[in-house]
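Q: Quick one: the structure is below, questions incoming.
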Amino acid sequence: MDRTRAVGIALVVVSACGFGSGALFAKPIYANGVDWMTLLAWRFAFASALSWGWLLIWPGQRRALRALSRRRIIVLLALGVLYMGNTGSYYAGLETVDASLAALIVYLYPALVAVMSIRFARRLQGRRAWGALAIATAGVALAVGGIDPRHAPPLHGLLIMLGTPLVYAVWIILAARLSGERRASADEATAPPHDSETTAEPADSAPTAAIMLTATAIGWTATALVFGRPIAPWQVPTDAWWALFGIGLLATALAMQSFYAGARRIGAAQASLVSTVEPIYTITLAALLLHESLTPIQIAGGIMVIMGVLIAQTGQMRRRQ
C-alpha cells in the first residue's frame with residue numbers, strides 16, 4: 003500500500019471515530035440538563051471558530067478562501083443551512099434513544115442514498131442498491147424490534163431517530179445537486195452525510211468546512227433563541243462545557259476536516275467504505291463508557307446494516323476498478 007493511500011485511510015478512520023463520538027459526548031451533556039438545541043448551537047459555534055482558526059493559520063488555505071467564487075460560497079452557505087436537518091433530527095432523537103441503537107438506525111442512510119441516486123443523482127448501477135437497501139432495512143427492523151421492553155425509549159424519540167437516515171439521505175442528494183452533480187454512473191453517491199459536498203471540491207477543503215459550519219452555527223443559534231433555549235454562557239451548567247467543547251472539536255471540526263483530507267487521497271467511494279467503522283466504534287465505546295448493551299437480535303441487525311453498506315460500496319468500487 004502506498005503512503006498516500008495509507009494516510010487517506012487513516013484520516014477517514016479518524017473522521018469516522020470523530021463523528022461516532024458525537025453521541026458519546028451528547029449523553030453527559032443531556033445529563034447536565036442541556037437540551038439538544040443548546041447543544042447544537044454551542045457544538046457548531048465551537049466547530050466553526052476552530053475551523054476558521056485552522057484556516058487562517060496557513061497561507062495556502064487563506065489563498066484557497068480568496069479563490070472561492072461567489073456561487074461556491076452561496077452553495078456552501080446553503081449546505082450549512084440544510085445540514086441543520088441532519089443534526090437536528092439525530093440529536094433530538096438521541097435525547098431518549100441509546101447511542102448504540104442510534105448508531106445502527108442512522109447507518110441505514112448509505113443504502114437509502116444508493117436507491118435515491120437512481121433517480122436524483124449519480125446512481126449505483128444494477129441490483130446491488132436494492133439488495134443493499136433490503137438487507138439494511140431488515141437489519142434496522144431487527145435492531146428496533148429487538149429492543150428490551152424494560153429499556154424501550156419513548157415512541158416519539160424512536161420515530162425521530164427512525165426518520166434521521168431519511169433526512170440524511172435527502173441532504174446528501176441535495177448537497178450533490180447543489181455542488182453540480184447530475185445523474186450519471188459515478189462514485190460519490192453514498193459518501194457519508196457529514197461531507198457529501200466534496201463534489202466539485204476545491205484544492206483545499208478548509209474554506210469549505212469553515213463556511214459551511216459557520217452557516218450551521220448561525221442557524222442553530224438563531225433557532226435556539228427563537229425557541230427560548232438557554233444558550234448564554236452563564237446559563238450553561240459548568241459540568242457540560244468539557245463535553246460541548248469536545249463535541250465541537252472532535253466530533254465536528256476534526257472529523258469533517260479529516261474526512262475531506264482522506265477523501266481527497268482515496269476517493270469518496272473508498273472513504274465511505276472505510277467509514278463503516280463508525281457504528282462499530284460508537285457501539286463499542288457506548289458499552290464501555292455508558293454501560294449500554296444490545297440484545298443478540300439487535301447485534302444481528304447491526305451486522306445486517308453494515309453488510310448492506312458494504313454490498314452497495316463494494317459494488318461501486320468493483321465498477322471503478
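Each position in the sequence shown, counted from 1, maps to that position plus 2 in our numbering. For glycine and all other residues, C-beta sits at the position ideal for the given N, C-alpha and C.
Sort Ala8, Leu57, Arg5, Pro30 by Cα distance to Thr98 and report the nearest one.
A: Of the listed residues, the one whose Cα sits closest to Thr98 is Pro30.
Q: Assuming contact is defined by CB atoms lying nearer than 8 Å, are Leu79 and Ala217 in contact in what I supplied?
A: Yes. Within cutoff.
Q: Alpha carbon to alpha carbon, how far is Ile137 from Arg45? Give it in angstroms, no decimals.
A: If you take the alpha carbons of Arg45 and Ile137, they lie about 34 Å apart.
Q: Just the C-alpha distance for Met258 and Ile299, rounded to the nearest angstrom, thanks.
A: Approximately 32 Å, taken between the alpha carbons.
Q: Please classify Trp60 as buried or exposed, where buried requires at least 16 other C-beta atoms within 10 Å of its C-beta.
A: Result: exposed.
Q: Would you kindly work out how many angstroms separate the C-alpha atoms of Arg231 and Glu294, rounded to a whole number?
A: So the alpha carbons of these two residues sit roughly 29 Å apart.
Q: Since Ala25 and Ala104 should fall inside the 8 Å C-beta cutoff, what is the C-beta to C-beta distance between them, to a whole number of angstroms?
A: That belief holds up - the Cβ atoms of Ala25 and Ala104 are roughly 6 Å apart, short of 8 Å.
Q: Are Gly141 and Val276 close, meaning C-beta to C-beta below 8 Å?
A: Going by C-beta atoms, Gly141 is not nearer than 8 Å to Val276.
Q: May I ask you to verify whether the region 276–285 touches the region 6–24, counting CB pairs closer than 8 Å and requiring at least 3?
A: Segments in contact, yes.
Q: Could you spell out the range, first to last residue, of the alpha helix (DSSP H) harbouring Ile213?
A: Run containing Ile213: 208–228, per the alpha helix (DSSP H) assignment.
Q: Just the C-alpha distance for Ala266 and Ala211, rounded to the nearest angstrom, thanks.
A: Correcting the residue identity first, residue 266 is Arg in this sequence and not Ala. Rounded to the nearest angstrom, the two C-alpha atoms are 14 Å apart.
Q: Please name the residue, chosen from Gly22, Asp37, Val9, Ala8, that lies closest to Val238 on a Cα-to-Cα basis.
A: Measuring from the Cα of Val238, the nearest candidate turns out to be Asp37.
Q: Identify the continuous alpha helix (DSSP H) that holds Asn34 and give its terminal residues.
A: Unbroken run through Asn34: none, as it is neither H nor E.
Q: For Gly250 versus Phe48, is the C-beta spacing smaller than 8 Å?
A: Going by C-beta atoms, Gly250 is nearer than 8 Å to Phe48.
Q: Would Trp173 and Leu84 qualify as a contact pair, given that the criterion is a beta-carbon distance under 8 Å?
A: Closer than 8 Å, so yes.
Q: Of the choices Leu42, Thr89, Ser50, whose alpha-carbon is the least far from that of Tyr170?
A: Of Leu42, Thr89, Ser50, the residue nearest in Cα terms is Thr89.
Q: Looking only at its own chain, which residues have a Cβ that is under 6 Å from the Cβ of Ser53, when we skip the five neighbours before and after it?
A: Closer than 6 Å at Cβ, skipping near neighbours: Ala211, Ala212, Leu215, Ala255.
Q: Here's a check: name, in chain order, each residue in its chain whose Cβ is nearer than 7 Å to the Cβ of Ser220, leaving out the five neighbours to either side.
A: First, the amino acid is wrong: residue 220 is Ile here, not Ser. So no residue of the chain qualifies.
Q: Expressed to the nearest angstrom, what Euclidean distance is found between the alpha-carbon atoms of Tyr283 and Val115?
A: Taking the straight line from one Cα to the other gives about 22 Å.
Q: Which first and last residues belong to the alpha helix (DSSP H) in which Ile233 is found?
A: That residue, Ile233, is in no alpha helix (DSSP H); it is neither H nor E in DSSP.
Q: Is Leu164 helix, strand or coil by DSSP?
A: Three-state DSSP puts Leu164 in a helix.
Q: Taking only the alpha-carbon atoms, compute the straight-line gap between Ile285 and Tyr111 and give it to the nearest angstrom.
A: If I take the Cα positions, the gap works out to 17 Å.
Q: With Arg64 and Leu58 assumed to form a contact (beta carbons below 8 Å), what rounded beta-carbon distance in angstroms separates them?
A: Rounded, the Cβ-Cβ distance is 6 Å, consistent with contact.
Q: According to DSSP, simplified to helix, strand and coil, what is Ser23?
A: In the structure shown, Ser23 sits in a helix (DSSP, three-state: H, G or I).
Q: Please report the distance separating the alpha-carbon of Leu252 from that of Trp244.
A: For Leu252 and Trp244, the distance between alpha carbons rounds to 12 Å.
Q: Measuring CB to CB, does Ala226 end up less than 8 Å from Met86?
A: No; because the gap between Cβ atoms is not below 8 Å, this pair is not in contact.
Q: Is DSSP giving Leu252 helix, strand or coil here?
A: Three-state DSSP puts Leu252 in a helix.
Q: My output table needs one value for Phe46: the three-state DSSP class, helix, strand or coil.
A: Helix at Phe46.
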